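Data first, discussion second: the structure below is written as C-alpha cells.
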Amino acid sequence: MTSRERVLAAINHQQPDRIAIDLGGSNACTILAESYHKLLKHLGIDKPVRIGDTMQFWVLVDDEVLDRFGCDVVPCYPLSDGLGCRRGRPWKDWTHPRGTPVKVSSDFNPERQADGSYIYKTGDAVYRLPDKGYYFDLVKNPFDWVETPADVAKMDIPLFTETELEYIKTASAELRRKTDKFIVTETFSGWCDIAGPWLGNAKFYMDIVANPDMIHALFEKMTDVWMQKFDQLWEAAGTSVDAVPVYNDLGSNTGGLYRTETVREMVIPYIRKFMDHIERTSKYHIIFHSCGSVYQYLPDLIGAGVKILNPVQLGAKDMEPEKLKREYGKDLVFWGGAIDPQHTLAFGKPEQVTEEARRNIEVFSKNGGFIFNNPHNIQANVKPENITALYDTALAFGS
C-alpha cells in the first residue's frame, strides 16, 4: 500500500497492511521546537528547526524524520500561520526564549520587552510570549466587545484572499505530484475553539449560558463563513488535498467543559449544518479536533456527522481505549490515541512508552479506523528517547 492508500483504508474501517502513522500532519498533530531540536540530535539528523507556527512554535517535520518513523501524512499549510506570518517567505534565524535556535518566517518581528517577554500585535489581537515561556498567549482578545447579535453582524471574518487561494492551489498540486502520502491542509475553522479566543475564554464560557442569542448569531455567522471558505478551498485545491481539521474543544482532563444539553442546543446544530455541506460539496475528510474528555458528547457528535475524532486524549476521564473502541469503533475513526501524553509520554521511561503504545495499537487497530498519533502536539519537555520509542513501537507492532 502507498501511504495515502493506508490512511484511506483506515478511514474506511478497513485493515491496512500496517497501521497508518502521523507525526506533523496538521496543527495539532506535530511537535514543539524544543523537543524536536533534541530529537534531531538524538537521530543524528543535521537539519535546522523550521517553525511552522510562530504562535505555538510547532515545527515543520523534516522528510528524514517522516521516513525514519514511517509517517503516512504530510501537511500542506496555508499561506499564513497563527500570527499572520507568511509561509514561503525567506527564513531568518531566531532564538526561542528557552534557548532553542530556530528558523522563522522573515515576517516574524515581535517586540522585546524589558522583562524579557515578547509582544506580537496583529489586527486587534495582542499576544505575549513570557520570558522562558513556551508559546504566545492571547492577552487582548480581538472581539471582546461583542455583546449582541447586532455586534456579531459587525464582525469581520474574512474569506480566503486570491493570493491565499493561489498559494494553496500551487502548493497542494506540487505536493500531490511529488508524494504518495495523505495530504492535510488547514482553514482555521471551528466553533468553541475559535469563539473562546475571539471573545475571551471566560466571557465565552459565560455567554454560551447567559447570552445564548449572541452565541447563536456568532456560530451561525462562523458556520456560513467556514462553508464559504471550504467552497473556495475545494475550487482552488480540489482533490490535491485529502482532509481538513476543524477545531472544537469540548473537554478537560476531568470531564466535559459544558453540560451535554448545552452542547446539544448551542453547538451541535452548526456542526451538523457544516458537515452536511462538506459532504454535499466536496470529497474532503473532516478531522474533528476536540481535546480532553469528550466521551459524553460522542453520540451527538456522531449524529451531527463527525466520523474522524482527534486527538483522542488518553488519560482524560472516560477516554479509555477499550471503552472508546468497543462503544464507538464502528462509528468513529480514532486519529490519535497512541499514548497518554501527559503522563506516560511526558514522564515515563521508554520501555513504559513502548508497552502502553503496544497495548493501544492492539485495541485501536482492529478492523481499521485508527491513525497512530500522539494526542495533540508533543510538548517541549518530552525526551527524544520517548518519542523514538513511541513511533518505533508503531512500526514494530503495527502490522
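Numbering (this note's numbering), first residue to last: 4 to 402. Ideal Cβ placement from N, Cα and C applies to all residues, glycine included. These numbers come from a predicted model, not from an experiment.
- Its Cα nearest to that of Asp334, the residue Lys310 stands out among Lys310, Val315, His346 and Thr347.
- For His45, the uninterrupted alpha helix (DSSP H) run begins and ends at Ala36 to Leu46, by DSSP.
- Under the three-state reduction of DSSP, Phe111 is assigned to coil, being neither helix nor strand.
- Note on geometry: alpha-carbon atoms of Val356 and Leu348 lie some 6 Å from one another.
- Here the alpha carbon of Leu178 sits roughly 11 Å from the alpha carbon of Thr188.
- Under the DSSP assignment, Thr125 falls in the beta strand (DSSP E) whose first and last residues are Tyr121 to Thr125.
- Taken atom to atom, the span from the alpha-carbon of Ser255 to that of Gly295 is near 4 Å.
- Taking a 10 Å sphere around the C-beta of Lys181, we find fewer than 16 other C-beta atoms and assign the residue as exposed.
- Judged by pairs of C-beta atoms under 8 Å, the stretch 281–296 does not touch the stretch 64–78, as fewer than three such pairs exist.
- The C-beta distance from Phe337 to Leu312 rounds to 6 Å, short enough to fall under 8 Å.
- Check the Cα spacing between Met322 and each of Tyr298, Gly339 and Val155: the tightest is with Tyr298.
- Contact check between the stretch 139–158 and the stretch 196–213: three or more CB pairs, one atom from each, fall below 8 Å, which counts as touching.
- In this structure, the CA atom of Asp234 is about 7 Å from the CA atom of Thr284.
- Annotation for Asn389: the continuous alpha helix (DSSP H) segment containing it runs Pro387 to Phe400.
- When only Cα atoms are considered, Ile211 and Asp140 end up about 22 Å apart.
- Within the stretch 167–216, complete beta strand (DSSP E) segments of at least 3 residues are found at 185–187, given in chain order.
- By the criterion of a C-beta distance shorter than 7 Å, Ala176 is surrounded in its chain by Ser243, once the five residues flanking it on both sides are discounted.
- In the DSSP assignment, the residues bridged to Trp61 are Leu35 and Asp56.
- For Val366, the closest of Gly339, Gly351 and Arg101 by C-alpha to C-alpha distance is Gly339.
- Ser293 counts as buried, since no fewer than 16 other beta carbons sit within 10 angstroms of its beta carbon.
- Nearest in C-alpha terms to Lys135, of all of Asp118, Cys79 and Ala319, is Asp118.
- The beta strand (DSSP E) runs of length 3 or more contained entirely in the stretch 117–166 are, from start to end of the chain, 121–125, 128–132 and 140–143.
- Annotation for Tyr273: the continuous alpha helix (DSSP H) segment containing it runs Ile271 to Thr284.
- A residue is called buried when at least 16 other Cβ atoms come within 10 angstroms of its Cβ; Ile22 meets this threshold and is buried.
- Under the Cβ criterion (8 Å, minimum of three pairs), the stretch 266–284 does not count as touching the stretch 41–55.
- Within the model, the alpha-carbon separation for Asp245 versus Ile24 is close to 15 Å.
- Taking the Cα positions, Tyr250 is about 8 Å away from Phe191.
- Cβ atoms of Ile160 and Val228 come within 8 Å of each other, at about 5 Å.
- Selection Gly126, Trp148, Tyr394 and Gln116 evaluated against Pro133 yields Gln116 as nearest (Cα-Cα).
- Tyr261 and Leu253 have their C-alpha atoms some 7 Å from each other.
- Here Leu11 carries a helix assignment [DSSP, helix/strand/coil].
- Between Asn380 and Ala31, the gap from beta carbon to beta carbon is short of 8 Å.
- The three-state reading of DSSP puts Gly241 in helix, counting H, G and I together.
- Per DSSP, the beta-bridge partners of His292 are Tyr250 and Asn313.
- Counting along the chain, the unbroken alpha helix (DSSP H) around Asp66 starts and ends at Asp66 to Arg71.
- In the DSSP assignment, Ile305 falls within the alpha helix (DSSP H) that extends over Leu301 to Gly306.
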